[in-house]
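S.K.:
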Amino acid sequence: MTVPVPYRVVAHRVDTPDTATIVLEPADAALPPFAPGQFAMVYAFGVGDIPLSVCDIDGPRLAHTVRTVGAVSGALHDVRIGRTVGVRGPFGTGWELSEAEGRDLVVVAGGIGLAPLRPLVLAALATPERYRRLNVLIGGRTPDDLLYCGEPWQAAAGVRVTVDRAGPAWTGEVGLVTTLIDRADFEPPRTAAFICGPEPMIRATAADLVHRGVDPDRIRVSLERTMHCGTGHCGHCQLGPLLLCRDGPVVGWTRAEPLLMVREL
Amino acid sequence: MTGCERDSADAVIDKDGMDALITILAARGRTVVGPTVRDGAIILAEISGGAELPYGWGVELEAGRYRLVARDDGAAFAHSAGPQSWKTFLHPPRVREWSADRDADGTIVVTADDTPVPAYAFLGVRPCDLRAIAVQDRVLTGGRYGDSAYRRRRDGAFLVAVECTEPGATCFCVSMETGPAVGPGYDLALTEVLDGDGHRFLVRAGSGEGAAVLAELPSRAADSATRSAARDRVAEAADRMGRTMPLVDLRTLMRETLDAERWNDVTSRCLTCGNCTMVCPTCFCTTVEDVTDLTGDHAERWRHWESCFDRDFTHVPTGPVRDSPRSRYRQWATHKLGTWYDQFGSSGCVGCGRCIVWCPVGIDITEEAHALNRERGRSTAQEAG
Amino acid sequence: MSVVRHGFLGALAPGHRDRLLTFAREACFPAETRVFEEAGAADRFWLIRSGLVALDIHVPGRRAAVVETLGEGDLLGWSWMFEPYRWHLGARCHAAVTAYEFDAEPVRLACAEDPAFGLAVTRCVAEVIARRLKATRTRLLDLYGFPGGGTP
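Protein chains in written order, with this note's numbering: chain Z, 298 to 562; chain R, 452 to 836; chain L, 16 to 167.
Here is the structure:
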């Protein structure tokens with residue numbers, strides 16, 4: 298059991314019609330540092346808490362991208378600057394970018410799955426000498442649903458974007474995010490891949506990368522299940538042998554694949 | 452303390468000594484909880500004297516059946532697991548985790564719950580249940596983040612174990628290697644002996660505080676006849692287990708039978724009521740509830756037991772991950788017998804048999820494991836053939 | 016050349032690939048060119064070397080709806096392989112496109128005359144269709160949409 302630590306909302310940005318990013322600063326003491334891929338349990342006063350991955354880590358400042366799907370996410374989405382929320386964490390496993398040194402990087406994000414990958418891309422951009430080519434492939438629902446558009450790192454990382462459905466104004470790509478893999482620049486045996494998105498998208502992407510010759514041991518995916526405690530005590534986030542709040546959310550594909558193949562595990 | 456020293460520190464007490472034990476533990480500021488007869492069952496409740504122990508009562512157990520029966524021998528501990536376990540006290544069904552207050556400018560202050568908890572003394576902890584406590588210790592305090600609600604109760608608890616001499620028809624502690632002899636972790640261990648030499652208890656201390664309590668007890672030095680009678684009764688109990696698990700690696704069995712037909716069979720009987728999870732001494736799952744008072748500026752976080760049989764247990768925004776009853780029974784059984792090893796380094800089953808007794812339709816986890824093992828054998832044979 | 020390393024040509028054995036390329040000529044389309052129209056005769060196909068092509072469907076009262084885009088290494092057009100040899104989508108260049116262009120008729124003849132070559136080409140086209148079908152079905156799930164469907 299951990300107790301929420303008060304964090305003040307210092308910035309709030311509307312990303313898409315149902316998604317906003319909130320920036321938090323510790324009101325007093327800060328939590329231990331978060332690593333890209335890890336998550337926090339963020340508490341809206343009196344409503345409850347939900348797991349949110351960190352989409353930015355700037356000293357003691359944390360940022361979370363929240364999509365409205367329920368009461369707690371709705372409250373956090375609408376929170377005003379200056380209000381206080383509670384934060385617990387850091388929880389779970391991170392992307393462990395350092396294990397990918399010397400490799401081509403392929404980062405594949407679907408929908409809000411870009412949020413936990415954002416700090417990973419920023420970290421890779423901060424130390425380009427450690428990696429070979431960086432490919433960031435983003436799939437979104439529609440152009441209006443794309444996150445972090447126009448942020449400088451997107452140009453620096455040369456992101457490739459595709460959407461499921463496009464309106465007339467869209468001049469970019471239309472199609473599943475996996476189609477971008479064909480056009481990405483990487484040498485499969487020397488590649489490390491990082492994937493986050495809805496589970497069918499993760500499965501399709503990992504399968505394509507493996508088909509292209511990427512070592513399954515070099516593919517890491519971020520998985521989602523119900524989480525209540527974040528500390529491995531409530532039992533909700535089990536995926537077979539894994540407690541995803543403790544052994545995940547970032548899991549190696551070799552470990553994850555056979556578990557995701559079992560229905561209703 | 453080595454076993455040899457413990458043996459040298461053993462002693463024998465009689466029923467008056469049992470009364471004294473309860474009095475001494477209470478005098479040390481402890482809330483003494485032990486078995487007592489209430490509402491047609493032997494339950495665990497606070498007791499203030501030896502007279503409240505279930506002297507002369509036993510139980511008849513079967514799948515989906517629990518009956519109190521009078522015993523002629525007057526034994527206090529010749530019964531096996533009842534509807535509760537010690538998790539009721541160490542990992543209570545409902546606890547407040549924290550309170551939060553919000554002031555006028557929206558600042559919130561969160562306070563961890565520090566309601567004083569009783570210093571418990573548990574009298575009559577069966578070897579299977581002693582292991583169950585060790586299993587929950589590992590789950591709730593063994594990781595990076597400890598559960599302070601559990602730890603506060605657990606750290607203060609004094610455990611008086613009682614070896615099993617009268618296993619029930621649903622017991623299988625021998626298969627799970629948790630009994631009927633007591634394992635480590637007790638402060639005091641008792642073995643009840645009834646024979647021509649009278650009704651008495653062989654007592655050993657397993658901790659410093661246990662030894663101190665034992666020293667205060669009116670006792671006599673253990674004699675070899677009592678020691679060997681105690682040993683024999685426990686050894687005989689091992690031969691009278693009502694149930695067994697298949698003699699295979701259960702963890703592997705669970706991993707290899709995720710697609711077995713048998714899950715459909717058991718699911719045709721399972722009501723997904725979750726009784727098995729409530730009575731299981733190791734099931735630990737919880738959910739949380741956030742409440743506010745009428746001002747809206749005082750909020751509390753409560754935690755209560757939840758069951759993996761609840762459909763909402765795995766709710767994600769699109770719906771429950773484990774929607775079918777089949778997947779929920781399979782989750783419970785494979786977690787208990789299999790993936791618990793991956794998560795916490797041991798089995799989650801201690802062989803107490805409660806899930807069998809308290810299942811309203813009499814589903815028997817040992818029978819299911821045997822059936823899965825047979826089905827696996829058949830499919831392996833088919834593949835080989 | 017990456018267009019050979021992976022994509023459609025990458026899936027062909029070198030012998031068959033070289034043979035297919037004997038039918039190729041280089042083609043360039045300025046941006047906004049309509050390469051073909053729905054229901055038009057599917058008498059050619061292309062392997063895109065650079066640029067982006069949008070496949071669209073005509074919907075009265077609204078601009079052509081783009082259902083998929085194709086880029087470097089992708090096969091543009093497969094209706095030429097199956098009767099009635101009519102395009103079922105339209106194609107428009109988003110950006111300037113360079114491609115290998117093939118006439119369908121001689122390739123179909125070569126496939127018929129040399130079953131090994133024909134099978135190889137047909138398998139490659141089938142694989143492209145299968146992948147696009149798989150991707151389209153996945154998109155049908157509207158995975159990134161609001162849980163339960165629709166917009167919030």
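Cβ atoms here follow ideal geometry from the backbone N, Cα and C, with glycine treated the same way.
1. Examine chain L for any beta-carbon lying closer than 8 Å to the beta-carbon of G472(Z), and answer yes or no.
2. Would you mind listing the beta strand (DSSP E) stretches within the segment 388-445 of chain Z that are 3+ residues and don't spill past its ends, in chain order?
3. Return helix, strand or coil for A620(R), following the three-state DSSP convention.
4. Run down chain Z in chain order and give the residues with a C-beta less than 7 Å from the C-beta of S775(R).
5. Please give me, in chain order, every unbroken run of the beta strand (DSSP E) with length at least 3 that falls completely inside the segment 314-382 of chain Z.
6. Of the choices H309(Z), H361(Z), T528(Z), E322(Z), whose alpha-carbon is the least far from that of G334(Z)?
7. Are C493(Z) and S519(Z) closer than 8 Å when you measure CB to CB?
8. Decide yes or no for the touch test of the segment 496-508 of chain R against the segment 800-812 of chain R: beta carbon pairs closer than 8 Å, at least 3 of them.
9. From the beta carbon of D442(Z), is the nearest beta carbon of chain L less than 8 Å away?
10. Can you grab the Cα-Cα spacing for the pair L321(Z) / S550(R), in whole Å?
11. Report, in whole angstroms, the separation of the C-beta atoms of P876(R) and D467(R), which I expect to be a contact under 8 Å.
12. Throw me the rounded Cβ distance for the L591(R) and H542(R) pair, which I believe falls under 8 Å.
13. According to a CB-to-CB cut-off of less than 8 Å, which residues of the segment 394-408 of chain Z neighbour chain L?
14. Straight-line CA distance for R702(R) to D465(R)?
15. Under 8 Å Cβ-Cβ, which residues of chain Z neighbour A69(L)?
16. Check the C-beta distance from I478(Z) over to L434(Z) and give it rounded, since I have them as a contact under 8 Å.
17. Quick check: S536(R) and C622(R), are their CB atoms within less than 8 Å of each other?
18. Can you pull out the residues from the segment 538-553 of chain R whose beta carbon lies closer than 7 Å to at least one beta carbon of chain Z?
19. Chain Z partners of Q794(R), CB-CB under 9 Å?
20. Quick one: is D741(R) near chain Z, going by C-beta distance under 8 Å?
21. Report yes or no: is there a C-beta of chain Z within less than 8 Å of the C-beta of F764(R)?
22. For I559(R), decide whether its Cβ has a neighbour in chain Z, counting only Cβ atoms nearer than 8 Å.
23. When the distance is taken between beta carbons, is G619(R) closer than 8 Å to V510(R)?
24. Quick check on DSSP: helix, strand or coil for Q535(R)?
25. Does P330(Z) have its Cβ less than 8 Å from a Cβ in chain R?
26. Between the C-alpha atoms of R602(R) and A553(Z), what's the straight-line distance to the nearest angstrom?
27. Among D588(R), A529(R), A750(R), which has the Cα closest to the Cα of K538(R)?
28. Rounded to a whole number of angstroms, what is the C-alpha to C-alpha distance between T313(Z) and R380(Z)?
29. So with CB distances below 7 Å, who are the chain L contacts of P425(Z)?
30. Taking the beta carbon of H31(L) as the centre, do at least 16 other beta carbons fall within 10 Å, making it buried, or is it exposed?
31. Residues of chain L with CB under 7 Å from P348(Z), in chain order?
32. Have a look at V625(R), D646(R), S626(R) and flag the residue whose alpha-carbon is nearest the alpha-carbon of D523(R).
33. Please work out which residues of its chain come closer than 7 Å, Cβ to Cβ, to R64(L), disregarding the five sequence neighbours upstream and downstream, and give them in chain order.
34. If we call anything under 8 Å between Cβ atoms a contact, is R509(Z) one with G549(Z)?
35. Nearest to E751(R) by alpha carbon, out of G693(R), D565(R), S499(R), I473(R)?
36. Of all the residues that make up the segment 80-109 of chain L, which are near chain Z by a beta-carbon distance shorter than 9 Å?
M.R.: On the basis of the data shown:
1. Indexing the first sequence from 1 puts residue 472(Z) at position 175. G472(Z) counts as touching chain L.
2. 401-407, 431-437
3. Residue numbering aside, residue 620(R) sits at position 169 when the second sequence is read from its first letter. Correct three-state label for A620(R): coil.
4. Here residue 775(R) refers to the residue found at position 324 when the second sequence is read from its first residue. Going along chain Z in sequence order, the residues near S775(R) (Cβ under 7 Å) are E561.
5. 316-323, 336-341, 345-350, 353-355, 358-364
6. On the first sequence, residue 334(Z) is found 37 positions in, with the first residue counted as 1. It is H361(Z) whose Cα lies nearest to the Cα of G334(Z).
7. Here residue 493(Z) refers to the residue found at position 196 of the first sequence. Here residue 519(Z) refers to the residue found at position 222 of the first sequence. The answer is yes: Cβ separation under 8 Å.
8. no
9. As a position in the first sequence, residue 442(Z) is number 145, starting the count at 1. Closer than 8 Å to some Cβ of chain L, the Cβ of D442(Z) qualifies, so yes.
10. Counted from its first residue, the first sequence places residue 321(Z) at position 24. Counted from its first residue, the second sequence places residue 550(R) at position 99. Spanning the two alpha carbons is a distance of roughly 21 Å.
11. A query on residue 876(R) cannot be resolved here, the shown segment of chain R reaching from 452 to 836 and no further.
12. Mapped onto the second sequence, residue 591(R) falls at position 140. Mapped onto the second sequence, residue 542(R) falls at position 91. Contact holds; Cβ gap of about 7 Å.
13. G407, G408
14. Mapped onto the second sequence, residue 702(R) falls at position 251. Mapped onto the second sequence, residue 465(R) falls at position 14. Rounded to whole angstroms, R702(R) to D465(R) spans 43 Å at the Cα level.
15. Your numbering for residue 69(L) matches position 54 in the third sequence. Per Cβ cutoff of 8 Å: V471.
16. Taking the first residue of the first sequence as 1, we reach residue 478(Z) at position 181. Taking the first residue of the first sequence as 1, we reach residue 434(Z) at position 137. Contact flag correct, Cβ pair sits at about 7 Å.
17. Residue 536(R) sits at position 85 when you count from the first residue of the second sequence. Residue 622(R) sits at position 171 when you count from the first residue of the second sequence. In this structure, C622(R) does not lie closer than 8 Å to S536(R) by Cβ.
18. E548, W549, A551, R553
19. Locating residue 794(R) in the second sequence gives position 343, where the first residue counts as 1. Near Q794(R) (Cβ distances below 9 Å), the residues of chain Z are G529, Q535, P538, L539, L540, R543, D544.
20. Translated into the one-based positions of the second sequence, residue 741(R) becomes position 290. For D741(R), the answer is yes, since a Cβ of chain Z falls inside 8 Å of its Cβ.
21. Here residue 764(R) corresponds to residue number 313 of the second sequence, with the count starting at 1. Cβ-Cβ to chain Z under 8 Å: yes for F764(R).
22. Counted from its first residue, the second sequence places residue 559(R) at position 108. Yes, I559(R) counts as interfacial toward chain Z.
23. For the purposes of this step, residue 510(R) is identified with residue 59 of the second sequence, where counting begins at 1. For the purposes of this step, residue 619(R) is identified with residue 168 of the second sequence, where counting begins at 1. Cβ atoms of V510(R) and G619(R): closer than 8 Å.
24. As a first step, residue 535(R) is located in the second sequence; it is residue number 84 there, counting from the start. It is coil, neither helix nor strand.
25. Numbered from its first residue, the first sequence carries residue 330(Z) at position 33. Chain R contact via Cβ: absent.
26. Stepping through the second sequence from its first residue, residue 602(R) is reached at position 151. Stepping through the first sequence from its first residue, residue 553(Z) is reached at position 256. Distance between the alpha carbons of R602(R) and A553(Z): 33 Å.
27. Residue numbering aside, residue 538(R) sits at position 87 when the second sequence is read from its first letter. It is D588(R).
28. Position 16 of the first sequence, counted from the first residue, corresponds to residue 313(Z). Position 83 of the first sequence, counted from the first residue, corresponds to residue 380(Z). One C-alpha to the other measures close to 22 Å.
29. Position 128 of the first sequence, counting from 1, holds the residue named residue 425(Z). The premise fails here: P425(Z) is roughly 22 Å from chain L at the closest Cβ pair, so nothing lies under 7 Å.
30. Counting from 1 along the third sequence, the entry for residue 31(L) is found at position 16. So H31(L) counts as buried.
31. Indexing the first sequence from 1 puts residue 348(Z) at position 51. Near P348(Z) there are no residues of chain L at all, since even the closest Cβ is about 15 Å away, more than 7 Å.
32. Start at 1 with the first residue of the second sequence, and residue 523(R) comes out as number 72. For the residues V625(R), D646(R), S626(R), the minimum Cα distance to D523(R) belongs to D646(R).
33. Start at 1 with the first residue of the third sequence, and residue 64(L) comes out as number 49. Cβ within range, chain order: V18, E87, T113, A114, Y115.
34. Counting from one through the first sequence, the residue named residue 509(Z) turns up at place 212. Counting from one through the first sequence, the residue named residue 549(Z) turns up at place 252. No, these two residues do not count as a Cβ contact at 8 Å.
35. As a position in the second sequence, residue 751(R) is number 300, starting the count at 1. Among G693(R), D565(R), S499(R), I473(R), the Cα nearest to that of E751(R) belongs to D565(R).
36. A80, V81, V82, E83, T84, L85, G86, E87, G88, D89, H109
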